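This report refers to the structure that appears directly beneath it.
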Amino acid sequence: HTKSALQKKVTYGGRHAVTMLPGGGIGPELMGYVREIFRYCGAPIDFEVIDIDPSTEGNDDLDYAITSIKRNGVALKGNIETKSQTLSEVSRNLDLYVNVVHCKSYPGIPARHHDIDVVLIRQNTDGEYAMLEHESVPGIVESMKVVTVDNAERVARYAFEYARQNNRKKANIMKLSDGLFLEVANRVHKDYPELEHNNMIIDNTCMQSVSNPHQFDVMNMTNLYGTIVSNVLCGLMGGAGLISGRNYGDHYAIFEPGTRNTGTAIAGKNIANPVAMISASIDMLNHLGHKEHANVIQEAVYQTIVNDAIRTPDIGGNHSSTDVVENILKILSAKRVNW
Ligand code: ADP
Ligand code: MG
């Protein structure tokens, strides 16, 4: 991440403090797996766990969570469904203006499309999620969609910078309609003349994503479009349980499963795919500079689902969540180096 120098990271005796928001549904069990894996390989992370009660009307839990993230700088989170729009509130409160979901296929996993490698970069604080809704006259609700020059510029710059730094030089940066957002991206593109750049309308993008996702490389999108397209792509390459997502601002970072599901219906059944949340925890380790721990866990995950084919039902297997985690731990113990 280009601005990581500004981003807050709190250490105590070489260990990082990280806020953990398990959320609802499968969140708590997935967090349990992450803690087990971290403990097992001695990842130098101390979690500050904050449970947000979705049934409360007030915002006390949420305020506490935000205070904790402001203190620690970094969080790992599940999804939380409350009466208010918790998630977007946290993003906006911490100014996490960009969401990055790298949709990269795992070989051999049953999927509609294989060999997908698309980076979705999405504006995370403007848009329809501003929740600016009002009933102007009885029976008519107006809902506002907000695009600001500053946020459009920050996300466009992030997307071009990402493409440049990750050697996606032949990349088309896709962006979707919406006059101002497009105009700003065209302007920012002038600073990145080596990159190819074009735009596509959201409806066509959905169709193209399903029929030929391989044409896309880096996509720059507004908030709601980004959610839709990332869910489409994740579905095409193996579902909600595989891919992680990262949220960045200038000061804080939050890591989470990419499609932001709660998985309420599968909670407590030992069938949830733990890979997306473990991948989010790997992203977090990388962000904090713990590359060795990140790499060794990543290799163990890959070997488990690709080579050993220990897979949960959502990706065509018949293994439990704990089978997957135990296999990861087994690989970690065989590789045990001097962490
Ligand atoms: P729910 O209605 O259960 O809350 P979500 O909207 O949260 O469902 O999730 C969408 C779909 O993705 C559901 O079918 C859910 O079971 C599936 N899903 C989400 N996360 C996972 C996961 N980690 N492993 C397996 N399936 C998942
Ligand atoms: Mg749900």
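Here the sequence shown is numbered in the UniProt record's numbering, starting from 121 and rising by one per residue. Idealized CB from N, CA, C, for every residue including glycine. Here the structure is a predicted model, which is why all the values come from computation and not from measurement.
- Assigned with DSSP and collapsed to three states, residue 366 falls in strand.
- Per DSSP, reduced to three states, the secondary structure at residue 187 is helical.
- Relative to the ligand ADP, the beta carbon of residue 432 is positioned inside 7 angstroms of a heavy atom.
- The beta carbon of residue 279 sits closer than 7 angstroms to those of 241, 293, 338 and 340, all from its chain and outside the five residues before and after it, given in chain order.
- Judged by beta-carbon spacing, residue 191 lies beyond the 8 angstroms limit of residue 166, meaning their Cβ atoms are not closer than that value.
- Secondary structure note for residue 373: its beta strand (DSSP E) is the uninterrupted segment 373-377.
- Cβ-Cβ distances below 6 angstroms link residue 149 to nothing in the same chain once the five nearest sequence neighbours on each side are left out.
- Here residue 379 is buried. Its C-beta has 16 or more other C-beta atoms within 10 Å.
- Beta-bridge analysis with DSSP links residue 280 to no other residue.
- In the DSSP assignment, residue 139 falls within the unbroken beta strand (DSSP E) covering 135-141.
- For secondary structure counted as the alpha helix (DSSP H) over 4 or more consecutive residues, the segment 410-440 holds these complete runs in sequence order: 411-422.
- Contact between the segment 170-190 and the segment 418-427 is absent, with fewer than three C-beta pairs closer than 8 angstroms.
- Rounded to the nearest whole angstrom, the CA to CA distance from residue 401 to residue 198 is 11 angstroms.
- Judged by beta-carbon spacing, residue 386 lies within the 8 angstroms limit of residue 392, meaning their Cβ atoms are closer than that value.
- Contact between the segment 217-231 and the segment 323-330 is absent, with fewer than three C-beta pairs closer than 8 angstroms.
- If you draw a straight line from the Cα of residue 405 to the Cα of residue 261, it is about 44 angstroms long.
- With 16 or more neighbouring CB atoms inside 10 Å of its own CB, residue 246 falls in the buried class.
- In terms of Cβ geometry, residue 322 and residue 345 form a close pair [threshold 8 angstroms].
- Between residue 215 and residue 311, the C-beta gap is not smaller than 8 angstroms, which leaves the two residues out of contact.
- Any heavy atom of the ligand ADP within less than 5 angstroms of a residue's beta carbon puts that residue on the list, which reads 360, 361, 381, 382, 383, 384, 385, 386, 392, 393 and 434.
- A distance below 8 angstroms separates the beta carbons of residue 394 and residue 153.
- Judged by DSSP in its simplified three-state form, residue 384 adopts helix.
- A residue is called buried when at least 16 other Cβ atoms come within 10 angstroms of its Cβ; residue 454 does not meet this threshold and is exposed.
- Residue 308 has its alpha-carbon roughly 6 angstroms from the corresponding atom of residue 277.
- Rounded to whole angstroms, the Cβ separation of residue 451 and residue 362 is 18 angstroms, and the two are not in contact under 8 angstroms.
- The C-beta separation of residue 235 from residue 334 comes to about 7 angstroms, placing the pair in contact by the 8 angstroms criterion.
- DSSP places residue 238 outside any alpha helix (DSSP H); the residue lies instead in the beta strand (DSSP E), whose first and last residues are 237-243.
- Separation of residue 414 and residue 209 (C-alpha to C-alpha, rounded to the nearest whole angstrom) is 29 angstroms.
- When the beta-carbon positions are compared, residue 200 and residue 172 come within less than 8 angstroms of each other.
- Per the DSSP secondary-structure output, residue 273 pairs with nothing in a beta bridge.
- Residue 358 is a Cβ neighbour of residue 231, given a cutoff of 8 angstroms.
- When DSSP states are grouped into helix, strand and coil, residue 214 belongs to the coil group.
- When DSSP reads this structure, residue 263 sits in a beta bridge with 253.
- The beta-carbon separation of residue 144 and residue 347, rounded to 18 angstroms, does not stay under the 8 angstroms limit for a contact.
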